[in-house]
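Adding 52 to a residue's 1-based position in the sequence shown gives its number in my numbering. See structure below.
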Amino acid sequence: MKRIAVVYHSAHGHTEHMAFSIREGAQGVPDTEVHVLMAEDLVARPEALADYDGYLFGSPTFFGGVSGSFKSFMDATGGLWRTQRLKGKLAAGFTVSSLPAGDKQSTLMSMFVFCMQHGMLWVGNPILPEQHAGVPYDEAANRLGSWSGLMAQAGHSAPADAFTDGDIKTARMFGRNFSETLHRVSGAN
Ligand SMILES: Cc1cc2nc3c(=O)[nH]c(=O)nc-3n(C[C@H](O)[C@H](O)[C@H](O)COP(=O)(O)O)c2cc1C
Numbered sequence: 053m054k055r056i057a058v059v060y061h062s063a064h065g066h067t068e069h070m071a072f073s074i075r076e077g078a079q080g081v082p083d084t085e086v087h088v089l090m091a092e093d094l095v096a097r098p099e100a101l102a103d104y105d106g107y108l109f110g111s112p113t114f115f116g117g118v119s120g121s122f123k124s125f126m127d128a129t130g131g132l133w134r135t136q137r138l139k140g141k142l143a144a145g146f147t148v149s150s151l152p153a154g155d156k157q158s159t160l161m162s163m164f165v166f167c168m169q170h171g172m173l174w175v176g177n178p179i180l181p182e183q184h185a186g187v188p189y190d191e192a193a194n195r196l197g198s199w200s201g202l203m204a205q206a207g208h209s210a211p212a213d214a215f216t217d218g219d220i221k222t223a224r225m226f227g228r229n230f231s232e233t234l235h236r237v238s239g240a241n
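Written out as structure tokens, the structure reads:
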């Protein structure tokens, strides 16, 4: 059994919606337990992270970076860094913003550096953009063309579930790929 934590912050519900879609994909792989955790809750008990084999980190993009709440979570893991408790664990990142680009890459890079400093192993988003194969843009997986992590787009004032079918599909595939990779590198499959 492998245990995965989806750790996220969401101010208006969009990143949370993505977190649960990612969970669906990750949970679909046999012998996998996936817990969805709020970053704010972990600030007071970051050591809870040590109970997992892999992490999917999610934050909205705020001013081209992670949100303040997600940064507080990252900063709360200093004790885990000193003892290298997360070294060798798998990690990946996802972010939502209102614009097609919106400087989302900086958010993923911030998560990447955080994970590297902890000695984690980064897993990307190896999905070919399906619009190249003729799938309509809104229905296409990885339509935004992000390989370093998952990017999704939702209007700032839109309902929390107002994503394209393509972005939801990408989230499930991203979660599934992470879970399969975790099992593969652990030698379980
Ligand atoms: C303070 C603030 C800063 C934002 N900065 C950006 C930005 O840099 N790029 C962008 O495309 N959207 C930006 N947005 C829009 C959010 O990324 C977008 O609404 C996202 O869906 C919010 O996720 P959430 O619903 O999980 O909180 C910003 C929103 C806020 C409130």
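Note that CB positions come from ideal geometry on N, CA and C, so glycine has one too. In this text, all values refer to a predicted model and were calculated from it rather than measured experimentally.
Using the beta-carbon count (16 or more within 10 Å), is residue i buried or exposed?
| i | result |
| --- | --- |
| F226 | buried |
| Q136 | exposed |
| N241 | In this prediction, N241 has a pLDDT of 44, which is less than 50 and means its spatial position is unreliable; nothing more can be read from the coordinates. |
Could you work out which residue in the options is closest to residue i when comparing CA atoms only?
| i | options | result |
| --- | --- | --- |
| G125 | M90, T147 and M172 | One detail in the question is off: residue 125 reads as Phe in this sequence, not Gly. Comparing Cα positions, the closest option is M90. |
| A204 | L101, N194 and A57 | N194 |
| S186 | G218, S162 and M53 | First, the residue type needs correcting, since residue 186 is Gly and not Ser in the sequence shown. Cα-wise, what sits closest to G186 is G218. |
| T222 | G239, Q169 and G176 | G176 |
| G131 | G106, L151, A102 and K141 | A102 |
| K156 | A144, G117 and A143 | G117 |
| R236 | F115, V81, F122 and S62 | V81 |
| F215 | Y60, M163, E99 and T147 | T147 |
Residues bridged to residue i by DSSP?
| i | result |
| --- | --- |
| W174 | A143 |
| Y107 | A57 and A143 |
| E85 | R55 |
How long is the line joining the alpha carbons of residue i and residue j, rounded to whole angstroms?
| i | j | result |
| --- | --- | --- |
| G77 | S198 | 18 Å |
| G129 | D93 | Strictly speaking, residue 129 in this sequence is Thr, with Gly absent from that position. Answer to the nearest angstrom: the Cα atoms are 13 Å apart. |
| A96 | I179 | 36 Å |
| T233 | S119 | 28 Å |
| S200 | L160 | 7 Å |
| L151 | R224 | 21 Å |
| M172 | A192 | 30 Å |
| T84 | I56 | 7 Å |
Review point. If we count Cβ pairs, one from each stretch, closer than 8 Å, do we get three or more for the stretch 63 to 73 versus the stretch 105 to 115?
Key: yes
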